[in-house]
Amino acid sequence: MKPQGGHSVGKERILQTIGLSYRASLLASGFDAIEMALHAGAVELLIVATDGSEKQRAKLKRIAQEEDTRCRTFGTAEELGRAIGKDMRIAVAILDRGMADKLILRIDEEVRNDDSAADAE
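The sequence shown: position 102 = 114 (this note's numbering), numbered continuously.
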């Protein structure tokens with residue numbers, strides 16, 4: 013099932029949850045803000061886009077690993093930005109544990125569903 017924009021229902025729910033996190037002030041966006049939040053230990057989940065600057069994405073992933081912060085790759089920079097009403101974002105940082113847990117479950121489920129669909133083709 014593909015809602016508007018060609019996204020799966022699962023992907024759309026993830027993007028909506030990211031948007032909700034932003035509106036609830038439970039999300040950091042922008043490279044510098046995310047980098048500072050990671051170093052401060054405030055990030056529960058780093059979500060990195062599948063595209064955009066490889067150098068910046070790699071740097072944020074490295075910091076997340078050093079800080080023992082959970083990390084997932086999901087969506088494009090355009091999709092992440094649109095989810096929070098901004099320009100393209102190569103990453104967003106979820107600052108709330110409950111929201112991070114929910115997003116991890118949904119992202120992991122979406123990845124499994126995508127893998128199953130690819131196997132069926």
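Ideal Cβ positions, reconstructed from N, Cα and C, are used throughout, including at glycine.
Can you name, in chain order, every residue of its own chain whose Cβ lies under 8 Å from the Cβ of Met-118, other than the five neighbours on each side? The sequence given here places Arg at residue 118; Met does not occur at that position. Around Arg-118: Gly-22, Arg-25, Ile-26, Thr-29.
Report the three-state DSSP secondary structure of Thr-29 (helix, strand or coil). Under the three-state reduction of DSSP output, Thr-29 falls in the helix class.
Roughly how many angstroms lie between the CA atoms of Leu-32 and Ile-96, to the nearest whole one? Within the model, the alpha-carbon separation for Leu-32 versus Ile-96 is close to 8 Å.
Are the CB atoms of Ile-59 and Phe-86 nearer to each other than 7 Å? Less than 7 Å divides the Cβ of Ile-59 from the Cβ of Phe-86.
For Ala-89, the three-state DSSP class (helix, strand or coil): The DSSP-derived three-state label of Ala-89 is helix.
Sequence-distant residues of its chain with Cβ nearer than 6 Å to Gln-16 (five each side left out): Any answer about Gln-16 is weak, because its pLDDT of 48 lies below 50 and its placement is not dependable; what the coordinates show is given next. Excluding residues within five positions, none has a Cβ falling inside 6 Å.
Do the CB positions of Leu-50 and Ala-70 come within less than 7 Å of each other? No.
Pick out the complete beta strand (DSSP E) segments inside the segment 19-74, 3 residues or longer, and give them in chain order. You should have 39-41, 57-60.
Starting from Ile-96, follow the beta strand (DSSP E) in both directions and report where the run begins and ends. For Ile-96, no beta strand (DSSP E) segment is defined, and its DSSP state is neither H nor E.
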